[in-house]
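Quick notes on the structure that follows.
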Amino acid sequence: MEATKKKTKAQKQESINAGAIKSAYKTYLLTEGKKPVSIFSFCKDNEMAETDFYNFFGSFEAVEKSIWESYILDTTSRLSADKDFAAFTSREKLLTFYFSLAEVLKTDRSFALHQLQNVKVTAGTPAFLKSFKAAFEDWVEGILNEGKATGEIAKRPFIEDRYSSVFWIHLVFVLNFWTRDDSPNFEKTDVAIEKSVALAFDLIGKGVLDNALDFGKFLYQHSKL
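Heads up: the sequence shown runs through residues 5 to 229, numbered per my numbering.
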């Protein structure tokens with residue numbers, strides 16, 4: 005009997021990894037509606053030593069950051085595995101990214117809704133989204149650079165350096181829309197993504213905005229005539 009207990013405990017220790025801790029944390033948060041009182045109590049409830057927790061995370065905030073960063077990494081991993089993705093235009097790549105991210109988040113919707121309930125476009129980035137934001141901006145920067153290289157995206161001094169930040173705001177808008185969407189299979193979110201991405205690329209592509217900037221430059225240059 006004692007040997008069986010020791011074996012069971014050893015098996016539990018082996019099963020403790022970052023994924024298991026994140027899963028247990030999400031379960032607690034959704035069941036209790038709040039964060040655990042302490043890491044000690046969380047570990048006790050999940051039959052693990054505090055050292056097991058600290059082997060992977062330094063705080064609950066670190067757990068949340070890791071969970072959200074994994075959503076981006078899982079999404080970009082899916083895209084990288086798609087042999088057709090590399091041939092897409094920048095617009096198509098971003099569109100596909102949003103659709104894929106929505107699918108990833110759908111599997112964890114309850115947790116995502118709990119975390120995103122107070123996140124606003126106009127507010128600062130909450131701590132749990134910082135790694136998520138950094139991973140997204142790093143990825144989208146590469147997509148935007150591809151678009152500038154092919155001429156799909158206009159090169160505009162001073163403005164183009166802010167594109168990745170603008171698309172972060174756009175992503176927060178999409179997330180907020182998704183949290184309020186009660187349509188079957190979140191069909192309204194798909195439409196919002198399509199229309200907003202189309203508008204964004206119309207604005208950063210060569211066209212209306214360039215004409216407006218040229219006209220503004222003309223007016224400035226001739227304002228003293």
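Idealized CB from N, CA, C, for every residue including glycine.
It is roughly 17 Å from the alpha-carbon of K38 to the alpha-carbon of W72. In the three-state reduction of the DSSP assignment, I208 falls in the helix class.
In the DSSP annotation of this structure, T129 is not part of any alpha helix (DSSP H), being labelled neither H nor E. If you draw a 10 Å sphere on the C-beta of A153, you find fewer than 16 other C-beta atoms in it, and that means exposed. In this structure, L99 lies near V201, with their beta-carbon atoms less than 8 Å apart. Secondary structure note for V178: its alpha helix (DSSP H) is the uninterrupted segment Y167 to R184.
In this structure, the alpha-carbon of W182 lies about 12 Å from that of V123. Cβ contact annotation for S114 (same chain, cutoff 8 Å, sequence separation greater than five): L34, in chain order. Relative to K159, the option among F205, Q121, K192 and K137 whose CA is nearest is F205. Runs of the alpha helix (DSSP H) lying entirely within the region 61-99, each at least 4 residues long, are 64-85 in chain order.
Pairing D194 with F101 gives a Cβ-Cβ distance that is not under 8 Å.
Annotation: the continuous alpha helix (DSSP H) that includes A116 extends over R113 to L120.
From the listed residues W172, V178 and T79, the smallest Cα separation to T129 is found for W172.
For K192, the CB contacts under 6 Å within the same chain, skipping 5 residues up- and downstream, are D185 in chain order. The C-alpha of N149 lies about 39 Å from the C-alpha of Y58.
With 16 or more other CB atoms across the displayed protein chains lying within 10 angstroms of its CB, G151 is buried.
Sequence-distant partners of L105 (beyond 5 residues in either direction) whose C-beta falls short of 7 Å from its own C-beta, in its chain, are Y75 and T79. In this structure, DSSP gives V41 a state outside helix and strand, which the three-state scheme calls coil.
Excluding the 5 residues flanking it on each side, F60 has same chain C-beta neighbours closer than 8 Å at N21, A22 and I25, in chain order.
Looking at the backbone, the Cα of C47 and that of L117 are separated by about 25 Å.
DSSP places A158 in no alpha helix (DSSP H); its state is neither H nor E. Taking the CA atoms as reference points, Y29 sits about 45 Å from P161.
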